[in-house]
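Following: one structure in structure tokens, then a few remarks.
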Amino acid sequence: MHSRMRWTIIGGGLLLIALAAYGYHRMTVPAWQTISTSFMKDDKPYGGGNARIKGNDVISLKVAGPNITFKPVSERADPEYAEPVEAWMSNSAERLNRRTIGFFRGTIDGGLTRTFHQPGQDAAWWYSKDWSTQYVSTDWMDYVKARQKRNELAPHFTRLWRSRDGGRNWTQLDWPENQRIDQLLFLDPDRGYAVGVGPRLWRTADGGRTWKKIPVPLQAMASDAEQ
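Residue numbers (numbering that gives the first Met the number 0): 0 to 226.
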């Protein structure tokens, strides 16, 4: 009798401890909540991009490949294998050449609108705290020609863009297209730096209208070469 009561007390104590631990976990670990099931669903190929969310407002920079479609089974040379609608879709270099940089703005519940769309396989992005000023650099290389000239360095084509109204309208800035940009680092909407391979460094104080090349210490260039 006493033994059974003792085990009942022990079991009840363990149950209370488990319930307390569960309650503490629920109170201290935030739960995930689904806020949308259609976020950028209509933009093909699907992907949310590099999104920033502030309340209900959203901005996003998206690097995307072309939308690949396939023939119906009845039109395939071999029904067992998927066959793209167009021949270039089977060529990786052609697909890379068709990659694009897109900027989107909108709301979670109202959807996003694409306001910027340029060819490119890579991009650098900076935005002000209030999102009013946006800078985007796009980098594009011809992968088809690069494969044809394997022993030569393929040129990159870089362009720089700025928006003063939160990404709704864009202006292309004067920038040497043969100078790649890896990072855009700004102190405020007008003063900032562009960092390129080499390494190379440029500075602007007038919102990107003009740029001054900054000498880089030899030690930095040696360190970059070693990497």
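Idealized CB from N, CA, C, for every residue including glycine.
Taking the continuous alpha helix (DSSP H) assigned at residue i, which residues delimit it?
i, result
"Q147", "142–147"
"N96", "91–96"
Quick test of your reading: residue i and residue j, contact by CB under 8 angstroms. State the CB separation rounded to the nearest angstrom.
i, j, result
"R94", "F103", "Not confirmed; about 22 angstroms, so no contact."
"D181", "V196", "6 angstroms"
"S136", "A122", "6 angstroms"
"L86", "R146", "Strictly speaking, residue 86 in this sequence is Ala, with Leu absent from that position. The pair is not a contact, with the Cβ atoms about 16 angstroms apart (cut-off 8 angstroms)."
Using the Cα positions of residue i and residue j, report the straight-line distance between them to the nearest angstrom.
i, j, result
"G191", "G206", "8 angstroms"
"K43", "S59", "15 angstroms"
"K53", "G109", "14 angstroms"
"N55", "G48", "17 angstroms"
"S222", "P198", "In this prediction, S222 scores a pLDDT of 49, lower than 50, which makes its location untrustworthy; the coordinate-derived value is nonetheless stated afterwards. One C-alpha to the other measures close to 10 angstroms."
"L183", "T203", "11 angstroms"
"W31", "V62", "27 angstroms"
"R51", "G101", "14 angstroms"
"P65", "T157", "20 angstroms"
"T36", "F185", "34 angstroms"
"K211", "W169", "22 angstroms"
"M227", "G105", "Limits of the chain in this structure are 0 at one end and 226 at the other, which puts residue 227 out of reach."
"S89", "T68", "11 angstroms"
"L111", "W130", "15 angstroms"
"Q117", "L159", "11 angstroms"
Does the separation of the CB atoms of residue i and residue j fall below 8 angstroms?
i, j, result
"G119", "D138", "yes"
"I107", "I213", "no"
"V163", "T132", "The identity of residue 163 in the sequence shown is Arg, whereas the question assumes Val. Going by C-beta atoms, R163 is nearer than 8 angstroms to T132."
"N96", "Y142", "yes"
Who are the Cβ neighbours of residue i in its own chain at under 6 angstroms, not counting the five residues just before and after it?
i, result
"H155", "D138, M140, R179"
"R75", "E82"
"R98", "G64, Q120"
Please return the same chain residues whose Cβ sits closer than 7 angstroms to the Cβ of residue i, not counting the five positions on each side in sequence.
i, result
"Q226", "Because the pLDDT of Q226 is 47, which lies under 50, any placement of that residue in the model is unreliable, and the question is left without a value."
"K70", "E82, V84"
"S127", "P188"
Using a C-beta cutoff of 8 angstroms, does residue i count as contacting chain C?
i, result
"P44", "In summary, chain C is missing from the structure at hand, where a single protein chain is found."
Let's see if you can read the secondary structure: which residues bound the beta strand (DSSP E) around residue i?
i, result
"G101", "99–106"
"W201", "199–203"
"P118", "110–118"
"S59", "56–63"
"F156", "155–162"
"N49", "49–53"
"W174", "No beta strand (DSSP E) contains W174, which DSSP labels as neither H nor E."
"K212", "211–213"
Using a Cβ-Cβ cutoff of less than 8 angstroms, which residues in the same chain neighbour residue i once the five nearest sequence positions on both sides are dropped?
i, result
"P78", "V72"
"R149", "none"
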